[in-house]
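Read the structure below first, then the notes.
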Amino acid sequence: MPILGIESVVYGVEDLALCNRFWADYGLIRSDDGADDGPSEWTLPSGSRMIMRGIDDPSLPPTYFPGSGVRECFLGVDTAEALERLVAKVAVDREVRRDGDGTAHFLDPDGNPMGLRVWNKRPVMCRPDPVNAPDNILRLNQHRKWRARAMPRTINHIVYFSDDYVSSYEFYRDRLGFRMTDHSKANGIFARADGTYEHHTIFWLTTQHPGTRGKRGYAHIAFGLEDIDEVMVGANYMTDHGWAHERPFAPALNRHRISSAMYYYFPCPAGGDAEYHADTDYLDDGWIPRVWEMMFGAAVWQTDSPGFFGDRGITWDVALDPEEASLEAWRDFGKADRK
Numbered sequence: 000m001p002i003l004g005i006e007s008v009v010y011g012v013e014d015l016a017l018c019n020r021f022w023a024d025y026g027l028i029r030s031d032d033g034a035d036d037g038p039s040e041w042t043l044p045s046g047s048r049m050i051m052r053g054i055d056d057p058s059l060p061p062t063y064f065p066g067s068g069v070r071e072c073f074l075g076v077d078t079a080e081a082l083e084r085l086v087a088k089v090a091v092d093r094e095v096r097r098d099g100d101g102t103a104h105f106l107d108p109d110g111n112p113m114g115l116r117v118w119n120k121r122p123v124m125c126r127p128d129p130v131n132a133p134d135n136i137l138r139l140n141q142h143r144k145w146r147a148r149a150m151p152r153t154i155n156h157i158v159y160f161s162d163d164y165v166s167s168y169e170f171y172r173d174r175l176g177f178r179m180t181d182h183s184k185a186n187g188i189f190a191r192a193d194g195t196y197e198h199h200t201i202f203w204l205t206t207q208h209p210g211t212r213g214k215r216g217y218a219h220i221a222f223g224l225e226d227i228d229e230v231m232v233g234a235n236y237m238t239d240h241g242w243a244h245e246r247p248f249a250p251a252l253n254r255h256r257i258s259s260a261m262y263y264y265f266p267c268p269a270g271g272d273a274e275y276h277a278d279t280d281y282l283d284d285g286w287i288p289r290v291w292e293m294m295f296g297a298a299v300w301q302t303d304s305p306g307f308f309g310d311r312g313i314t315w316d317v318a319l320d321p322e323e324a325s326l327e328a329w330r331d332f333g334k335a336d337r338k
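Numbering that gives the first Met the number 0 numbers the first residue of the sequence shown as 0 and each following residue consecutively.
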């Protein structure tokens, strides 16, 4: 299991002071001693890092999208030997630049700067409270934890826009060992790195998505929390500190049917959205990929109904897809409107 997940993400941002205040309120722990309005580094309990740089910092890779956002994402590899095997596969048809410590840099099929480096991922401790129900008492004479705020422990996944989400996934599958977990038709592919159990490490979202049509680059990043209480305490803390959660095309709080995860989005001054993420599905290689109708897979519930829970109904459309047979029909989907 060579790729253990997301080791670090490097942002280029327009307002370092604002971004540093956002991440401090969000619950990340700063791991450098820089100025409030200067470049910063934030380290999660798992060892994953969030790195903020000024948008014109010369150390950043070139960008192909406007404004703030992720400028490079590094995947953590378990051993130096595994790193070299992965680099050899990536280098078949693209330039790979190496640092003195062995870190490898390359561009993926969508033009996103990506990296590979050896990572000593740290274990994290989570002890969510048992959930009671009338005929299933798991917490007797014991109240739930009283939380003051959220403390993200992991980076669970990152999302990128893609003109051809099928080919993008196939690159990561064939070169880096990713496994497809679910395919949301006309929407995108969820895939996990082979050394993780989270439902997905990367989601490639079509540039034809109705809420974000034509966007390029980075969409959002998800941080793992313990349970729904931590999600909502964190959300309340952020709102109380002046951060807006309104988004133009979806409410802040939802639960996916795909992945089962409950999540809460905040628009982020560093670019895209920051996602509190809890109670996702955890998978191994015994999992069989599925293919979904987009809206059916999107939500079990939302804080504001999307309209398909009433008279319109939902198309209960999901099937197993062990051979990834559903992908070919959606190749190049983002490059032209499908009638």
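C-beta atoms are modelled at their ideal positions from N, C-alpha and C, and glycine is treated no differently. Treat the numbers as computed from the prediction; the structure is a model and nothing was measured.
query	result
Beta strand (DSSP E) segment containing residue 41, residue limits	39–42
Cβ shell of residue 197 (< 7 Å), same chain only, five flanking positions each side left out	155, 156, 191, 279, 281
Residue 329 classed as buried or exposed, judged by whether at least 16 other C-beta atoms fall within 10 angstroms	buried
Rounded C-alpha distance that separates residue 87 from residue 232	45 Å
Residue 339 classed as buried or exposed, judged by whether at least 16 other C-beta atoms fall within 10 angstroms	No statement about residue 339 is possible, as the shown extent of the chain runs from 0 to 338 and does not include it.
Cβ-Cβ separation, residue 36 to residue 341 (assumed contact under 8 Å), whole Å	One cannot answer for residue 341 here, as it falls past the ends of the chain, which runs 0 to 338.
Residue burial classification, residue 285 (beta-carbon count within 10 angstroms, cutoff 16)	exposed
Residue 79 classed as buried or exposed, judged by whether at least 16 other C-beta atoms fall within 10 angstroms	exposed
Backbone CA spacing between residue 123 and residue 39 [nearest angstrom]	23 Å
Residue 71 and residue 127 closer than 8 Å at C-beta	no
For residue 11 and residue 332, the rounded distance between their alpha carbons	29 Å
Exposure label - residue 186; buried when at least 16 CB within 10 Å	buried
Distance, residue 212 Cα to residue 2 Cα	31 Å
Range covered by the alpha helix (DSSP H) that runs through residue 166	164–175
Sequence-distant residues of its chain with Cβ nearer than 6 Å to residue 244 (five each side left out)	251, 265
Assigned secondary structure, residue 25 (DSSP; H/G/I helix, E/B strand, else coil)	helix
Beta-carbon gap between residue 149 and residue 229 smaller than 8 Å	yes
Alpha-carbon spacing of residue 259 relative to residue 276, whole angstroms	10 Å
Alpha carbon of residue 67 to alpha carbon of residue 9, nearest angstrom	11 Å
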